[in-house]
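Colleague: If you read the protein sequences in the order shown, they are chains A and B. Following my numbering, the numbering of the first sequence begins with 1 at its first residue and continues without gaps. Following my numbering, the numbering of the second sequence begins with 1001 at its first residue and continues without gaps. Structure below; questions to follow.
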Amino acid sequence: MTHLPQLSKARTGIQGLDEVTGGGLPQGRPSLVCGGAGCGKTLLGMQFLVHGAVHLNEPGVFVAFEESAHELTKNFASLGFDLDDLSARRLLAIDSVQPREVAQSGDFDLEGLFIRLGYAIDQLGAKRVVLDTIETVFASMPSPATLRAELQRLFRWLKERGVTAVITGERGSDVNAMTRQGLEEYVSDCVIQLDHRVRGAVSSRRLRVVKYRGSTHGTNEYPFLIDEDGISVLPVTSLGLDHKVSTSRVPSGVPALDAMLNGGGYYRGSSVLVSGTAGTGKSSLAAHLAAETCRQGERVLYFAFEESAAQISRNMASIGIDLGHCAEQGLLRFHASRPTLAGLEMHLVTMLREVDKFRPHVVIVDPINSFVASSDEYDIKMMLLRLVDALKVNQVTGFFVSLTTSGGALEHTDVAISSLIDTWLLLRDIELGGERNRGLYVLKSRGMAHSNQIREFCLTDRGIELRPAYVGPAGTLTGSARLAQEASERAARLRMQKDILRRRGELQQKREAVEAQVRALRAEFATVEAQAESFIEEAQAAESQLQSDRVEMARSRAAEESP
Amino acid sequence: MSEAIKGNDAMTWVLRLYVAGQTPRSVRAVENIQRFCAEHMPGKYTLDVIDLYQQPQLAQRDQIVGVPALIKHLPEPIRMIIGDLSDKERVLVGLDLQPKSGD
């Protein structure tokens, strides 16, 4: 079967965008990037050119209709793009088309622009072109009909030249059109729409591939952010569920907990959630995991959204965990930020970028519900899904801390994300006898037999200790009630033991008494026996004497009688 | 090609016409401006005709987008008129030889 020719694509080098488009922009064709003011179109175009110039040896031409070459160079210097250097190396050319007032007399066309662009392309051997924003010619030049016809001609001309072009267009007041001048009618091979909205005082940027002729593409809106490295887009990293799985375990740092998890700890690359009310020790569990992971020589990335790194270290030191030492070794890195400062996407992209840079084996997010206040449940679930997904793909174990407000019922955000979680630990408050103690149990742990016991969870200065909770007729006892119960049990055992000893003693005495009696009886019997035997002996001796006497007498008589 | 007719008068017009090759429109523009200059400023102008296909680098340098393009460098201010210059009224207005009719 002949292989159908594949549409070849030009990589943009923008993190995530190449994934969403399945390889980049259509090669040799024009693509339209549209959106409102300030949504990142110019940046996208420039990143596309710079990537081609620096990494793929594809020179590019940037035709700027709104900014001067000087302004562009200055603006992009802050992103680390040295446009002057690229120009000097003949990898980039910027042509700034200055708008000027023109009068018109008779027919004209835009051949001047074609000649300019053609010359610049030929000078560099350019393969990539950006026109940003060509619609501005409509503001400064007459005869829109002529302009429109010429733009159509330009896009055809670009195709003939075989350059991959990015055309930017700005959305006007007409909500039905993507661009002011309806460029989307002419540039129809690939259309990408950028959106920048503010929700609840937090700004959020989205990207959508509206159209991509000849290629499958992700059709969803993908959040992206713009920071000092440029644009990063955030797709769901694996649309399928085909992660590699591991059977090796990551010890939790609390041996008793490892025992509850069938003797090993968490599965590597799994997602672990610990939820509980305030002050139950969830972060301490996280710290144990961090310390143990570092002890094994592996890296931990700790995202803290409520406390600073210094505060966490100090708090954990009080239970005997030295996180400062782990940090010094370079095995533990903290990343602390206030969740309300940025949108979910920003946090997610930042987190994934940190994961990419640091390549940890374990990631801790403490807590996850700081985001609840600023966004709705669906968005949080999506964000966590993407995070969990990205971690699983890289076989990174994820440990998530969730704060629940009510004591008994499971928090509904937790339930919403529970399908993403492999191991769920619950820290429960147990109130009894005027005290409030903590109990830990394993609600679920996929792929392993786990204990269903509720253990008493204690924070000591030697770290977390799990004690088996006393379950008696009064129910689960913890804390002082348990101690009291244990004490009384000990006393009862002691009494029992004493009892046994006493009984044994008595038995021994009895035995000795009986044996003494037996000995006495035996002695008596021996005497009687001896006497009897002596009597019998005498009697027998007398009898035999008598007998022998009789015989003698008979003989002496017989001697006289026989002739 | 360049026509320079030096005259004695103080006012000298400096005009530059950019065209793209020898298309009918380009030819028309050249003819029209030559006729115009002969009619309105005889002996008081310099006219350069630049074929952008011959000198493409000038398109960026001199900021040419629409062609044909006539640029009046002198007298100031600089003015630009695009088109084949067939509309004489517009050329007069564009070169500040005639105020724009208000309406």
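For every residue, glycine included, the Cβ atom is placed at its ideal position computed from N, Cα and C.
(1) From the DSSP output, which residues share a beta bridge with M1080/B?
(2) Skipping 5 residues on each side, what residues in its chain have a beta carbon closer than 6 angstroms to that of V274/A?
(3) Measure the C-alpha to C-alpha separation of E345/A and R29/A and round it to an integer number of angstroms.
(4) Roughly how many angstroms lie between the CA atoms of S544/A and E537/A, to the nearest whole one?
(5) Touch check for the region 1072–1084 of chain B and the region 103–119 of chain A: three-plus C-beta pairs under 8 angstroms?
(6) Step through the CB atoms of chain B and report whether any lies within less than 8 angstroms of the CB of Q98/A.
(7) Which same chain residues end up closer than 8 angstroms to V102/A when comparing Cβ atoms and leaving out the 5 residues on each side of it in sequence?
(8) Distance check for L7/A and E184/A, CA to CA, integer angstroms please.
(9) Quick one: is G330/A near chain B, going by C-beta distance under 8 angstroms?
(10) Would you mind listing the alpha helix (DSSP H) stretches within the region 333–382 of chain A that are 4+ residues and don't spill past its ends, in chain order?
(11) Within the continuous beta strand (DSSP E) that includes G463/A, where are the two ends?
(12) DSSP three-state label for L239/A, please.
(13) Excluding five sequence neighbours on each side, which residues of the same chain lie with their C-beta closer than 7 angstroms to the C-beta of Y212/A?
(14) The region 1034–1058 of chain B: which residues have C-beta closer than 8 angstroms to a C-beta of chain A, in chain order?
(15) Please identify the residue among K1100/B, Q1063/B, D1096/B, E1089/B whose C-alpha is closest to the C-alpha of L1017/B.
(16) So, do the region 29–49 of chain A and the region 111–125 of chain A have three or more beta carbon pairs nearer to each other than 8 angstroms?
(17) Determine the burial state of S248/A: buried for a count of at least 16 other Cβ atoms within 10 Å of its Cβ, exposed for fewer.
(18) Going by DSSP, which residues form a beta bridge with L432/A?
(19) Using the beta-carbon of each residue, which ones in chain B are nearer than 7 angstroms to S105/A?
(20) Below 7 angstroms CB to CB, which residues in the same chain sit around P360/A once its five sequence neighbours on both sides are set aside?
(21) Taking the CB atoms as reference points, tell me whether E292/A and G320/A lie closer together than 8 angstroms.
(22) Would you kindly report the start and end of the unbroken alpha helix (DSSP H) that includes V1093/B?
(23) Among L117/A, A165/A, P144/A, G80/A, whose alpha-carbon lies nearest the alpha-carbon of T12/A?
(24) Can you find at least 3 beta carbon pairs, one from the region 46–53 of chain A and one from the region 127–137 of chain A, that sit closer than 8 angstroms?
(25) So I192/A and V210/A are supposed to be a Cβ contact under 8 angstroms. How far apart are they, rounded?
(26) Using a Cβ-Cβ cutoff of less than 8 angstroms, which residues in the same chain neighbour R555/A once the five nearest sequence positions on both sides are dropped?
(27) Considering only residues of the same chain and omitting the five flanking positions on each side of D84/A, which have a CB-CB separation below 8 angstroms?
(28) Would you kindly report the start and end of the unbroken beta strand (DSSP E) that includes R1035/B?
(29) I want to verify the contact list: residues of chain B whose CB lies under 8 angstroms from the CB of Y119/A, in sequence order.
(30) Between M384/A and I417/A, which are expected to be in contact by the criterion C-beta below 8 angstroms, what is the C-beta distance as a whole number of angstroms?
(31) Starting from the C-beta of M351/A, find all residues in its chain whose C-beta is less than 7 angstroms away, skip the five residues before and the five after it, and write them out in chain order.
Modeller: Judging by the given coordinates:
(1) I1071/B
(2) K282, L285, V401, L425
(3) 31 angstroms
(4) 11 angstroms
(5) Yes, since at least three Cβ pairs between the region 1072–1084 of chain B and the region 103–119 of chain A fall closer than 8 angstroms, the two stretches touch.
(6) Closer than 8 angstroms: yes.
(7) S140, M141, P142
(8) 21 angstroms
(9) no
(10) Within the region 333–382 of chain A, the complete alpha helix (DSSP H) runs of at least 4 residues are 344–358.
(11) 463–468
(12) Since pLDDT at L239/A reaches only 48, below the 50 mark, its modelled position is unreliable, and the value read off the structure follows with that caveat. It is coil, neither helix nor strand.
(13) Closer than 7 angstroms at the Cβ level, and outside the excluded window around Y212/A, lie T21, C190.
(14) L1052, Y1053, P1056, Q1057
(15) Considering only alpha carbons, the answer is Q1063/B.
(16) no
(17) Burial check for S248/A: the Cβ neighbour count within 10 Å stays below 16, so the residue is exposed.
(18) Under DSSP, L432/A takes part in a beta bridge, and its partners are E435/A.
(19) I1081, G1083, L1085, S1086, D1087, R1090, V1091, G1094
(20) R299, V300, L301, V396
(21) no
(22) Taken as a continuous stretch (DSSP letters only), the alpha helix (DSSP H) holding V1093/B covers 1088–1094.
(23) A165/A
(24) Touching, per the Cβ criterion.
(25) 7 angstroms
(26) none
(27) T73
(28) Here R1035/B belongs to no beta strand (DSSP E); instead the alpha helix (DSSP H) covers 1024–1040.
(29) P1056, Q1057, A1059, Q1060
(30) Note on residue identity: the sequence assigns Leu, not Met, to residue 384/A. Confirmed, about 5 angstroms.
(31) Cβ within range, chain order: F303, L387.
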